Amino acid sequence: MAAVTIALKDLRLLARDRVALFWVLGFPLLFALLFGSVLSAAADDSGRTFNLVLVDDVDSPQSRALLAALASAPGFSTERASRDAAHTLVRRGERLAFVRVRDVSGELGLELGVDPTRAGESRALSAALARVTIPSDGAGALPPLSIDTTEVGRTSEDSSFAIAFPAALLWGLMGSAATFAVSWVAERTRGTDLRLRSAPISGATVLAGKALACFLACLLGSGVLVVFGWAALGIVAGSWLAVVASVVSIALCFVGLTTLLGMLGRTEQAVAGAGWATLILLAMLGGAMVPLAAMPDWLRRASDVSPVKWGISALEGAYFRDFSGLELLGPCAVLLGVGVASFALGLELMARRAR
Amino acid sequence: MSNRRPEVAAPWSSAGLLPNATAILRPGDTAPVLLQVRDVTQRYGAARALDGLSLAVRRGETLGLLGPNGAGKTTLMHLMAGVLAPTGGTVLLDGRGSPSSPATRRRIGIAPQDLALYTELTAEENLRFFARLYGLRGRALSLAVERALALAELTARRHHRVHTFSGGMQRRLNLACAVVHGPDLVLLDEPTVGVDPQSRGHVFDSLERLKALGHTLVYSTHYMEEAERLCDRIAVIDHGRLLACGTLHELVRRHGGGHRVRARLTRHPDDVSSGTIVGDEQEWVLPDAAQATELALKLGSSASSLAVRPPDLETVFFTLTGRSLRD
Ligand SMILES: Nc1ncnc2c1ncn2[C@@H]1O[C@H](COP(=O)(O)OP(=O)(O)O)[C@@H](O)[C@H]1O
Ligand SMILES: [Mg+2]
């Protein structure tokens, strides 16, 4: 009961803190709008490697020659897979596109299945494919080709806003987390921590109250954003249940991180500064600022350490990648793991400080 | 705050105001011990904030902790409130409960030396929050909040946020938050510190009302006038040790030293011994008021200035520590 009292008090304090509210709601909305606009005009980048899955449905000498040419062409990183496996890889965002060689009324044709979040790259890919498959010297070893491009995943049209939305939601959740990391320290610097400790409640109750406040703020904040996205931007999730599961996992992850951050710092300024710096670093690494697709390969691999990446992955899965329950489980498990680990570390620090 | 009198009159005119307030006892040696501090030591690294200090707080009394900054008053308060666990020794409420247990803490309230309030909440919201932490709900909660607001003379400002309050008002609210749950023992750590003299008067009014209600108070200060005015007994503390404890009268009698007569003489009277030279004055210390008066009369005709100072807490402190309370 006392934990609920503390949580409600903290939410009331949050509601009266305009700066904190901006980080929880205002900034994510701005981000969704700006980033959405930027995404739709995303420029291509010729120096990048395209990660492709190749599917050969014809299996003739010509088709094999064509795929071999693709595999050896500079700028392509390829692998072979069955049609279904290729589709899944692209749908999950693990590959940029699949290239399927198929029979179009007796002629060889290419079907290009691209990741809808990477429109800019896909355009560059089409151009690069054309360079490989239509020889410039005219002495065509390869027959002329038709290239059809389709988007993999949702059948309905997703706006750029929808594609930017998971990252925006993550910014809102990070805003809540940062606010509550500061509220931990504020309790100490304000001296109210002394009253909490002199009250007939245990340290665990205080901790539970704080954690509950952070969790509720995360849920309320993302709730508002999700409803706004749906009502004002027409962003509809593939599975609302998956959205809820993702948001809850991310919120729990951030509750843990918040507890840890709040225990690490001594002053409000230090926690606000270090907290935001940490979160922004995780956000950058996790693709909430620059999409993963635009990162060099080594950085994309490094992004696995950022819970933000897993958060975005879960939300994208829920919004437009049509993740199955099992596919969603992966990122959610990582988020929960990070949350539990950092919460435990925060508890340990609190116990040490009390000694 | 010119309207404060009428605002207070109504709720405080009836008896038995705070839920757990005991009947007004004249504290004397007969009142039972409410809080026993036995041989407590508090170390911070190598330094000792408290060094084998023992003290008893009797039910219904106001005990003053008098000592300069750094004496260990706040540390002692925190031990009494259960916020700190002593490195050595024990603190017991009613001979049984240690303040480290929540059940015992329920009966204690502390007004910390540094303001401990949520400045973005209103006065009432602060009080409601702290009262809830002590398990108060519903009507009992509302009633407790009303009483605390009245005690602090903040009823008219109840819906205002604390950051709009003056220093004195915040001090009063800090006090009200300590008593809102009706504790048996109220710990007030320098409740008038950092407040201008006029607001200090207001804070002091609240303290006197609290005392009049029969609460047991422990009150730390480094202002001796406050200790003299409010406290039934005074404990003099320095360097984490208890130097003396007793009523003002007892302390002055035992440790006050003599009556001091100071004069700037134009001519030395024949039948007067020469005193100690202090600047351009001479000083004599005499064992009682009668002898001091007699000397003053003799000096009267040959002095350009003359003062007689009876022993007080200041001289008690000086005798005990060799230092002045205010450095
Ligand atoms: N957390 C702490 N760490 C180290 N030293 C402390 C701490 N708190 C108090 N002290 C030291 O203990 C002594 C007593 O302090 P305190 O109880 O605040 O005195 P007072 O309230 O009488 O001014 C001081 O010398 C102070 O520096
Ligand atoms: Mg102090």
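Note that the protein sequences, when read in sequence, are chains Y and W. Heads up: take any position in the first sequence, counting from 1, add 31, and you land on the working numbering. Heads up: take any position in the second sequence, counting from 1, add 55, and you land on the working numbering. Glycine residues also receive a C-beta, built at the ideal position from the N, C-alpha and C atoms. Small disclaimer: the values here were computed from a predicted structure and weren't measured.
Residue j beta carbon less than 8 Å from that of residue i
i: LEU134/W; j: GLN97/W; result: yes
i: GLY426/Y; j: ASP244/W; result: With chain Y running from 32 to 386 in the structure shown, residue 426/Y is simply not present.
i: PHE192/Y; j: ALA63/Y; result: yes
i: GLY223/W; j: HIS257/W; result: yes
i: VAL302/Y; j: ALA375/Y; result: no
i: ALA51/Y; j: GLY240/Y; result: no
i: LEU380/Y; j: LEU295/Y; result: yes
i: PHE196/Y; j: GLY254/Y; result: no
i: THR86/W; j: GLY115/W; result: Just to set this straight, residue 86/W is Ala in the shown sequence, not Thr. Their beta carbons are under 8 Å apart, which means ALA86/W touches GLY115/W by this criterion.
i: ARG187/W; j: LEU196/W; result: yes
i: THR130/W; j: TYR274/W; result: no
i: LEU201/Y; j: ILE311/Y; result: no
i: THR321/W; j: LEU89/W; result: no
i: SER261/W; j: ALA318/W; result: no
i: ALA136/W; j: ILE165/W; result: yes
i: LEU209/W; j: ALA178/W; result: yes
i: VAL250/W; j: LEU206/W; result: no
i: VAL145/Y; j: LEU160/Y; result: no
i: ALA290/W; j: GLY119/W; result: yes
i: ALA347/W; j: VAL371/W; result: no
i: PRO123/W; j: ASP325/W; result: no
i: THR210/Y; j: LEU45/Y; result: yes
i: LEU283/Y; j: LEU367/Y; result: yes
i: LEU306/W; j: LEU368/W; result: yes
i: GLY252/Y; j: GLY306/Y; result: no
Of the listed residues the options, nearest to residue i (C-alpha basis)
i: ALA105/Y; options: ARG162/Y, ASP146/Y, ARG149/Y and PRO322/Y; result: Correcting the residue type first, residue 105/Y is Pro in the shown sequence and not Ala. The shortest C-alpha separation from PRO105/Y is found at ARG162/Y.
i: TYR173/W; options: VAL248/W, ASP106/W, CYS232/W and TYR189/W; result: CYS232/W
i: HIS310/W; options: VAL138/W, ASP326/W, ASN229/W and THR374/W; result: THR374/W
i: THR119/Y; options: SER108/Y, VAL135/Y, VAL86/Y and LEU225/Y; result: VAL86/Y
i: PRO157/W; options: LYS128/W, ALA171/W and TYR189/W; result: TYR189/W
i: LEU354/W; options: GLY377/W, GLU338/W and LYS266/W; result: GLU338/W
i: LEU349/W; options: GLY334/W, GLU369/W, VAL327/W and GLU175/W; result: At residue 349/W the sequence reads Glu, which differs from the Leu that was named. If we check each option's Cα against that of GLU349/W, VAL327/W comes out closest.
i: GLU175/W; options: GLN225/W, GLY122/W, ASP287/W and ALA362/W; result: GLN225/W
i: LEU121/W; options: MET132/W, ARG113/W and ARG114/W; result: MET132/W
i: LEU268/W; options: THR130/W, PRO238/W and VAL291/W; result: PRO238/W
i: LEU256/Y; options: GLY57/Y, ASP41/Y, ILE37/Y and ALA38/Y; result: GLY57/Y
i: GLY107/W; options: ARG151/W, LEU90/W and GLY127/W; result: GLY127/W
i: SER357/W; options: LEU228/W, GLU336/W, VAL291/W and THR376/W; result: GLU336/W
i: PHE81/Y; options: SER103/Y, ALA96/Y and LEU61/Y; result: SER103/Y
i: ARG49/Y; options: GLY206/Y, ALA96/Y and GLY137/Y; result: GLY206/Y
i: GLU152/Y; options: LEU366/Y, ALA364/Y, VAL365/Y and MET326/Y; result: MET326/Y
i: LEU359/Y; options: ALA46/Y, GLY348/Y, MET320/Y and LEU367/Y; result: GLY348/Y
i: ALA6/Y; options: THR148/Y, ASP88/Y, ALA230/Y and VAL371/Y; result: It is not possible to answer for residue 6/Y, since the shown part of chain Y is limited to 32 through 386.
i: SER94/Y; options: ASP41/Y, ARG131/Y, VAL371/Y and ARG123/Y; result: ARG131/Y
i: LYS266/W; options: LEU230/W, SER254/W, PRO252/W and GLY301/W; result: LEU230/W
i: GLY150/W; options: LEU182/W, GLY125/W, ARG183/W and ARG113/W; result: ARG113/W
i: GLU142/Y; options: ALA150/Y, SER108/Y and ASP88/Y; result: ASP88/Y
i: PRO338/Y; options: SER280/Y, ARG43/Y and PHE107/Y; result: SER280/Y
i: ASP115/Y; options: PHE107/Y, PHE129/Y and THR109/Y; result: PHE129/Y
Residue i: CB within 7 Å of a non-hydrogen atom of ligand 3
i: GLU281/W; result: Absent from the structure shown: ligand 3. Ligands present: ligand 1 and ligand 2.
Scan the region 280-348 of chain W and note each continuous alpha helix (DSSP H) run of 4 residues or more that stays entirely inside, going in chain order.
303-310
Residues with C-beta closer than 5 Å to any heavy atom of ligand 1, in chain order:
TYR99/W, ALA104/W, ASN124/W, GLY125/W, ALA126/W, GLY127/W, LYS128/W, THR129/W and THR130/W
Considering only residues of the region 147-204 of chain W, which uninterrupted alpha helix (DSSP H) runs meet the minimum length of 4 residues and lie entirely inside it, listed in chain order?
157-160 and 178-188
Which residue spans inside the region 95-158 of chain Y form an unbroken alpha helix (DSSP H) run of at least 4?
114-122
Interface residues of the region 176-208 of chain W facing chain Y [CB-CB below 8 Å]
LEU176, GLU180, PHE184, PHE185, ARG187, LEU188, TYR189 and GLY190
Secondary structure, beta strand (DSSP E): runs of 3+ residues fully inside the region 272-313 of chain Y
none
Ordered list of alpha helix (DSSP H) runs contained in the region 214-246 of chain Y, each at least 4 residues
223-229
Using Cβ-Cβ distances below 8 Å, what residues of the region 198-223 of chain Y are close to chain W?
ARG221, GLY222 and THR223
Which residues of the region 224-240 of chain W have a Cβ closer than 8 Å to any Cβ of chain Y? Give them in chain order.
CYS232
Using a Cβ-Cβ cutoff of 7 Å, what residues of the region 127-143 of chain W are near chain Y? List them in chain order.
ALA136, GLY137 and VAL138
Chain Y contacts made by the region 312-346 of chain W, where a contact means CB separation under 9 Å:
none
Of all the residues that make up the region 225-239 of chain Y, which are near chain W by a beta-carbon distance shorter than 8 Å?
LEU225, ARG226, LEU227, ARG228, SER229, ALA230, PRO231, ILE232 and SER233
Output needed in chain order: residues of the region 345-372 of chain Y with a Cβ under 7 Å from some Cβ in chain W.
none
For the region 44-57 of chain Y, list every residue whose C-beta sits within 8 Å of some C-beta in chain W, in sequence order.
LEU44, ARG47 and ASP48
Give, in chain order, every residue of the region 85-108 of chain W whose Cβ lies closer than 7 Å to some Cβ of chain Y.
none
Going along the region 136-162 of chain Y in order, which residues come within less than 7 Å of chain W, judged by CB to CB distance?
none
Scan the region 328-358 of chain Y and note each continuous alpha helix (DSSP H) run of 4 residues or more that stays entirely inside, going in chain order.
328-333 and 338-350
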